[in-house]
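*Asks:* Take this structure, written in C-alpha cells, and hold onto it; I'll ask about it next.
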Amino acid sequence: MRVPFYDIKAQYDDLASSMSEAVQSVLSSGVYVLGPNHNQLEREIADRHGITHGIGVANGTDALRILMDAVGIGEGDEVITPAFTFVASVETVVQTGATPVFVDIETESFGIDPAKIEAAITSRTKAILPVHLFGQLCRIDEIKAIADRHGLLLLEDGAQALDSHCNGKFAGQYGLGCGFSFYVTKNLGAAGDAGMIITNHDEVNEQCRSMRIHGMGRERYYYDHLGYTSRLDEIQAAVLRVKLQKLDAWNTQRQKLAEIYLRELADLPLTLPTVLNGNNHTWHQFSILTDRRDDLQAFLKARGADSMIYYPVPIHFHSPYLKYGNGKGSLPVTEQVCEQILNLPIQPHLSEDQIHHVARSVQEFLTTQS
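Dropping the structure here:
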C-alpha cells in the first residue's frame with residue numbers, strides 16, 4: 076500500500092473548484108497586493124487566536140525577522156532559543172546581529188526545557204525565542220514566567236502551531252508577537268510561500284507593518300525604518316482563505332489518525348509523542364523516537380510508506396552556526412533526539428487504512444526484525 080508523507084495534489088482536488096474561483100477572482104480584479112483577501116485573512120487568523128493584530132508577510136522566516144527588528148533585537152544582544160528546530164528560528168537571530176544562545180530541549184514537547192533557561196541568561200540576554208514544534212505548545216507558561224522574572228522579551232516561533240493552545244490560551248497570546256508560516260506543507264498551507272505575524276501590541280504592529288514595506292510610514296514614499304519587501308500576495312491570501320474553511324475538519328482528521336497510531340503503537344519499544352497537560356495538539360507531525368530509526372525508515376519505505384526526519388542534525392552542528400554552540404555533547408537531549416526521531420505520515424488526506432498499514436509495518440519491524 077502506498078502512503079505518501081504529503082499529498083498536496085489531494086488537498087487541491089478537495090478544493091479545486093473553490094480555489095480556482097478564488098484565484099480567478101483575484102486575477103480579474105487587478106488587485107494583487109494588499110487587497111481585500113489579504114486584509115480579511117489578517118483579521119481571520121488574528122481572531123482565530125484571540126489576537127488584536129495580524130500582519131501578512133511573504134513567508135514564515137520574514138515573520139520572525141521582521142518581528143525581531145520591530146522589538147529592537149540587534150547587535151550585542153543575546154537570544155535564548157533551541158537548536159532543535161528549523162534553521163529559520165536561529166538564522167533570523169544571526170541576521171539581526173544578535174547572538175543565539177542554545178538551550179537544550181525536553182522530549183515531551185520537543186521544546187526548550189524551562190529548567191535549563193536561567194543558567195543561560197547573562198547581562199546581554201534580550202529575549203527568549205521558544206519554538207512550538209509539531210503542533211502543540213512548548214512549556215510556554217513556565218518560559219513566560221522566566222522571561223517576566225528577568226525582564227526579557229518573549230517572542231514565539233509558531234510556524235507549526237496554528238490553532239495550538241493550552242487551556243484555551245493560543246500561540247501568540249504569551250509573548251510580544253508570534254510568527255506563523257503558511258508554507259505548502261503546513262496544516263494551513265499556501266500555494267507557495269506565505270507567513271504572518273500576530274501581536275496584541277499596537278507599537279509592534281505599527282513597526283511590523285512599516286518594515287514589511289521598506290520601512291514606509293503612513294505616508295507613501297516617506298520612510299521611518301530600514302525595511303524589507305515582504306508582502307503577503309493577494310493570490311496566496313485568497314488560497315489560504317479557501318483552505319481555512321476546511322482547517323477544522325482537517326485538524327479533526329489528523330486527531331483521528333494520531334489516535335490510531337497511539338493505540339496501535341502502544342507497548343512497543345519506542346517513545347510515542349506526549350501531549351502536555353492542558354494542550355491541544357494539531358498533529359502537524361507525529362514524531363516517534365527509536366534507536367533503530369534508520370533501519371525502520373528503510374523498512375517502511377520498502378512497504379510503500381513514506382516517513383521524514385525532523386530534524387536530522389541539530390543547528391549547532393551546522394557550519395554557519397558552529398561558533399554559537401559548544402560542540403558535541405553540549406546539548407545531549409537535542410543530539411539524542413536528532414539521532415532517534417522519525418516522523419510518520421499523518422496528513423489529513425490519508426485514510427485510516429493507510430495509517431493502519433503504517434502502524435502494522437512499525438509493529439512488524441520492532442517485533443520480528445533483529
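Going by this note's numbering, the first residue of the sequence shown is number 76, and it counts up by one from there.
Backbone N, C-alpha and C define an ideal beta-carbon position, used for all residues, glycine too.
Keep in mind it's a predicted model, so treat the numbers as computed, not measured.
Touching or not, the segment 102 to 119 and the segment 157 to 177, by the rule of three or more beta carbon pairs under 8 angstroms?
*Replies:* The segment 102 to 119 is not in contact with the segment 157 to 177.
*Asks:* So, for V317: in the same chain, excluding its five sequence neighbours on each side, which residues have a beta-carbon less than 6 angstroms away from its beta-carbon?
*Replies:* Once the five neighbours on either side are set aside, the close Cβ partners of V317 are L90, S93, M94 and A97.
*Asks:* Compare the Cα-Cα distances from D188 to each of I196, V178 and A195 and report the closest residue.
*Replies:* Taking only the C-alpha atoms, the option nearest D188 is V178.
*Asks:* Compute the Euclidean distance between the alpha carbons of G302 and G250, then round it to the nearest angstrom.
*Replies:* When rounded, the distance between both Cα atoms is 22 angstroms.
*Asks:* Any idea what DSSP makes of N354, helix, strand or coil?
*Replies:* Reduced to three states, the DSSP call for N354 is strand.
*Asks:* Here's a check: name, in chain order, each residue in its chain whose Cβ is nearer than 8 angstroms to the Cβ of M291, leaving out the five neighbours to either side.
*Replies:* Counting only Cβ-Cβ distances below 8 angstroms, and skipping sequence neighbours, we find S285, Y297, Y298, D299 and G302.
*Asks:* Use the C-beta contact count for D232: other C-beta atoms within 10 angstroms, 16 or more gives buried, fewer gives exposed.
*Replies:* D232 comes out buried.
*Asks:* Please identify the residue among S104, I390, P344 and A324 whose C-alpha is closest to the C-alpha of W358.
*Replies:* Closest by alpha carbon: A324.
*Asks:* According to DSSP, is E294 part of a helix, a strand, or is it coil?
*Replies:* DSSP places E294 in coil when its eight states are reduced to three.
*Asks:* Drop a sphere of 10 angstroms on the beta-carbon of T465, count the other beta-carbons inside from all chains shown, and report buried for 16 or more, exposed for fewer.
*Replies:* The question about residue 465 has no answer, for the chain in this structure spans 76 to 445.
*Asks:* Assuming I416 and I384 are in contact, meaning their beta carbons sit under 8 angstroms apart, how far apart are those beta carbons, in whole angstroms?
*Replies:* With a Cβ gap of about 6 angstroms, I416 and I384 count as contacting.
*Asks:* Would you mind stating whether V154 and K191 have Cβ atoms separated by less than 8 angstroms?
*Replies:* Not closer than 8 angstroms, so no.
*Asks:* Taking only three categories from DSSP, how would you classify N418?
*Replies:* In this structure, N418 counts as strand in the three-state DSSP scheme.
*Asks:* Give every residue of the same chain whose Cβ lies closer than 6 angstroms to the Cβ of D88, excluding the five residues on either side of it in the sequence, and list them in chain order.
*Replies:* The answer is none, since no qualifying residue turns up.
*Asks:* If you reduce the DSSP assignment to three classes, tell me which class K403 lands in.
*Replies:* Residue state, collapsed to three classes: coil.
*Asks:* Identify whether E153 lies in helix, strand or coil by the three-state DSSP scheme.
*Replies:* In this structure, E153 counts as strand in the three-state DSSP scheme.
*Asks:* In whole angstroms, what separates the C-alpha of E294 from that of V206?
*Replies:* Their backbone Cα atoms lie some 35 angstroms apart in a straight line.
*Asks:* Looking only at DSSP bridge pairs, what is M383 linked to?
*Replies:* The partner list for M383 (beta bridge, DSSP) reads N418.
*Asks:* Output the distance between the C-alpha atoms of L447 and H431, rounded to the nearest integer angstrom.
*Replies:* Within the shown structure, residues of the chain are numbered from 76 to 445, placing residue 447 beyond reach of any answer.
*Asks:* Our contact map puts T409 next to I218 with C-beta atoms below 8 angstroms; I'd like the distance itself, whole angstroms only.
*Replies:* Actually they are not in contact, since the Cβ atoms of T409 and I218 sit about 16 angstroms apart, beyond 8 angstroms.
*Asks:* Buried or exposed, going by whether 16 or more other CB atoms sit within 10 Å of the CB of H124?
*Replies:* Classification of H124: buried, given that the 10 Å Cβ count is 16 or more.
*Asks:* Just the Cα atoms here: how many angstroms apart are N242 and R199?
*Replies:* In a straight line, the C-alpha of N242 is about 33 angstroms away from that of R199.
*Asks:* Hey, how far is the Cα of A266 from the Cα of F257?
*Replies:* The alpha-carbon atoms of A266 and F257 are separated by roughly 9 angstroms.
*Asks:* For I310 and F255, I'd like the C-alpha separation in whole angstroms.
*Replies:* The alpha-carbon atoms of I310 and F255 are separated by roughly 18 angstroms.
*Asks:* How would you label P157, buried or exposed, when you count the other beta carbons within 10 angstroms and need 16 or more for buried?
*Replies:* Label assigned to P157: buried.
*Asks:* Is it true that the CB of I272 sits closer than 8 angstroms to the CB of A138?
*Replies:* Going by C-beta atoms, A138 is nearer than 8 angstroms to I272.
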